[in-house]
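The sequence shown maps to residues 16 to 368 in the numbering used here. Read the structure below first, then the notes.
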Amino acid sequence: MQDTQHFHKPYTDDWDEQQPEPGEPTEAALPSPSAPPVNPSAPFTLVHAVGANAAPFVTPSIPAPTPTPIPASQFLDRFPGMASRTALFSVGRFDKSLSGVRKVACYEKDMEITLDGPMLTLEDKRVWEVALSAAKTFGGAGVEFKLSANRIADKLGRSPTGKTTAAIAASLQRLAAAQIVYKTPEGATGCAKLLESADKQISGWRVAISLDLLAALRDHKQFAVDGERRKRLKSDIARWLHDFLSTHQPAYKTKHRLVELAALCGARSNLSHFPTHLQAALEDILSASPELLECVNWERPEKEWTSWWITMVKGAENATFVWPAEEERRAQAKRDATERKKAAKSRRAGPNL
């Protein structure tokens with residue numbers, strides 16, 4: 016901050032001197048026609064001056080906030096596992112005006128998420144991914160940046176029609192209203208909004224990633240998601256399974272009761288049709304992306320679908336992820352080992368006489 020010198024007259028009591036009548040301006044209080052100009056190098060900004068001879072009214076200028084780097088910002092296509100292994104972003108159709116506090120179904124036992132706010136869709140997830148990637152590109156969290164609806168529509172593979180931009184606007188508003196309390200399998204805990212803010216302006220949207228979300232991005236694994244491949248799938252269930260399977264290693268088997276899988280992907284409406292929709296989604300993935308899914312085994316012990324089980328075997332594609340906290344730990348351990356070697360070598364060399 017720039018130092019500003021302050022000059023004061025020597026202090027004198029004036030209680031025994033004649034004071035002006037109320038409302039009578041003193042000579043010192045009158046504006047001077049030859050008032051000195053404002054120093055442009057001073058940390059102030061001219062706001063307003065009234066009258067031809069009025070002294071300028073100045074106010075301290077507010078420095079622009081500094082963005083905080085997002086962990087693994089060089090990986091634009093990697094997102095926290097909590098977005099792909101839970102029902103945080105739900106499939107299917109439901110009343111998007113529903114809001115409240117609810118526990119989110121999670122695949123891992125050590126994962127816990129409570130959502131406070133509107134229910135979120137897979138469409139919201141894709142918009143959030145675009146916003147998070149843009150924040151990584153534009154500098155970080157904690158500051159607003161411009162993000163146009165046309166850019167989001169392009170990333171989603173859609174034409175920027177009025178219907179599309181309206182849906183994007185609704186997604187941004189839901190994301191800004193949603194807050195999560197989370198605990199990850201790696202031990203990260205916290206409370207964060209998915210978007211700190213989303214404000215519509217004439218020039219476009221201005222959004223910000225919450226600083227409180229950085230702990231989850233640092234301490235939780237961020238998995239690669241092939242958004243282009245996901246676009247080609249035909250249903251929400253197929254797209255949810257795409258991201259879920261992308262977080263597993265080759266030949267990994269996941270076995271689920273169908274009712275549990277329905278809850279895990281957030282299916283809520285027309286559950287009696289869930290087995291049919293699930294089978295169509297699995298066939299879509301087997302045909303379009305066999306590297307994600309090698310085979311599927313159904314178990315139908317009874318006629319009622321709620322007793323059915325399904326086993327999915329991951330295809331040959333490796334799950335790619337980055338774990339910033341672990342990389343930091345390893346880097347620090349390497350630095351510590353280097354320092355210990357230097358200290359040991361110095362001791363063996365003896366004093367430098």
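From the three backbone atoms N, C-alpha and C, an ideal C-beta is built for every residue, glycine too.
> What residues match up with Asp162 in a beta bridge as DSSP calls it?
Replying inline: One detail in the question is off: residue 162 reads as Leu in this sequence, not Asp. Trp220, per the DSSP bridge assignment.
>> With H, G and I counted as helix, E and B as strand and the rest as coil, what does DSSP make of Gln235?
In response: Here residue 235 is His; the residue named in the question, Gln, does not match the sequence. Coil, per DSSP.
>> If you reduce the DSSP assignment to three classes, tell me which class Asp251 lands in.
In response: Helix at Asp251.
>> I'd like the span of the beta strand (DSSP E) that includes Leu308, first residue to last.
In response: Residue range Leu308 to Glu314 is occupied by the beta strand (DSSP E) that includes Leu308.
> Does DSSP put Ala156 in a helix, a strand or coil?
Replying inline: Note: Ala156 maps to strand in three-state DSSP.
>> Give me the residue from Lys268, Leu273 and Ser322 with the minimum Cα distance to Glu309.
In response: That would be Lys268, whose Cα lies nearest to the Cα of Glu309.
> What's the C-alpha gap between Val222 and Ile167?
Replying inline: Using only the alpha carbons, I get a separation of about 12 angstroms.
> If you run the structure through DSSP and keep just helix, strand and coil, what is Pro40?
Replying inline: Only weak support is given to the placement of Pro40: the predicted model assigns it a pLDDT of 45, under 50, and the value that follows is read from those uncertain coordinates. Coil, per DSSP.
>> Am I right that Ala334 and Gln264 are in contact with their C-beta atoms under 8 angstroms? What's the rounded C-beta distance?
In response: With 8 angstroms as the limit, Ala334 and Gln264 qualify as a contact, their Cβ atoms being about 5 angstroms apart.
> In whole angstroms, what separates the C-alpha of Leu232 from that of Leu103?
Replying inline: Approximately 16 angstroms between the Cα atoms of the pair.
> Using 8 angstroms as the threshold, is the stretch 249 to 256 in touch with the stretch 287 to 297, meaning 3 or more CB pairs across them?
Replying inline: The way I'd put it, the stretch 249 to 256 does touch the stretch 287 to 297; three or more beta-carbon pairs between them come closer than 8 angstroms.
>> Please list the terminal residues of the continuous beta strand (DSSP E) segment that includes Pro95.
In response: Counting along the chain, the beta strand (DSSP E) containing Pro95 begins and ends at Arg93 to Pro95.
>> Can you list, in chain order, the residues of its chain with a C-beta nearer than 8 angstroms to that of Ala348? Leave out the 5 residues immediately preceding and following it.
In response: Here Ala348 has no same chain residue with a Cβ atom under 8 angstroms from its own Cβ, once five neighbours each way along the sequence are excluded.
> If you draw a straight line from the alpha carbon of Leu279 to that of Asn165, how long is it in whole angstroms?
Replying inline: Cα atoms of Leu279 and Asn165: separation of roughly 32 angstroms, rounded to the nearest angstrom.
>> Rounded to the nearest angstrom, what separates Arg247 and Asn312 at their Cα positions?
In response: Taking the CA atoms as reference points, Arg247 sits about 24 angstroms from Asn312.
>> Please state whether the Cβ-Cβ distance between Glu375 and Ala98 is less than 8 angstroms.
In response: Nothing about residue 375 can be reported from this structure: the residues present for the chain run from 16 to 368 only.
> What first and last residue would you give for the alpha helix (DSSP H) that runs through Leu273?
Replying inline: Note, Leu273: alpha helix (DSSP H), Leu273 to Leu279.
>> What does the alpha-carbon distance come out to for the pair Met134 and Leu286?
In response: Each residue's alpha carbon lies about 18 angstroms from the other.
> Just the Cα atoms here: how many angstroms apart are Glu36 and Leu210?
Replying inline: Bear in mind that the predicted position of Glu36 carries a pLDDT of just 48, short of 50, making it unreliable; the figure below should be weighed with that in mind. A direct Cα-Cα distance of roughly 58 angstroms separates Glu36 from Leu210.
> Roughly how far, in whole angstroms, is the beta-carbon of Glu123 from the beta-carbon of Pro200, given that I think they are within contact range, below 8 angstroms?
Replying inline: Sure, about 5 angstroms apart at Cβ, within 8 angstroms.
> Applying the criterion that 16 or more other CB atoms from any shown protein chain within 10 Å of the CB defines a buried residue, is Ile217 buried or exposed?
Replying inline: By the neighbour-count rule (16 or more Cβ atoms within 10 Å), Ile217 is not buried but exposed.
> Hey, Gln194 and Gly132 are a contact pair by Cβ (cut 8 angstroms); roughly how many whole angstroms apart?
Replying inline: Between Gly132 and Gln194 the Cβ distance is about 6 angstroms, and since that is below 8 angstroms, they are a contact.
> Taking the alpha-carbon positions, what's the Leu273 to Ser302 distance?
Replying inline: The alpha-carbon atoms of Leu273 and Ser302 are separated by roughly 22 angstroms.
> From Leu130 to Ala156, what does the alpha carbon distance come to, in whole angstroms?
Replying inline: CA-CA distance, Leu130 to Ala156, rounds to 21 angstroms.
> By Cβ distance below 8 angstroms, which residues in the same chain neighbour Leu162 in space, the five residues on each side in sequence not counted?
Replying inline: Its chain contains Val145, Ala146, Ala149, Gly219, Trp220, Arg221 and Val222 as the residues whose beta carbon lies nearer than 8 angstroms to that of Leu162, once the 5 sequence neighbours on both sides are disregarded; these appear in chain order.
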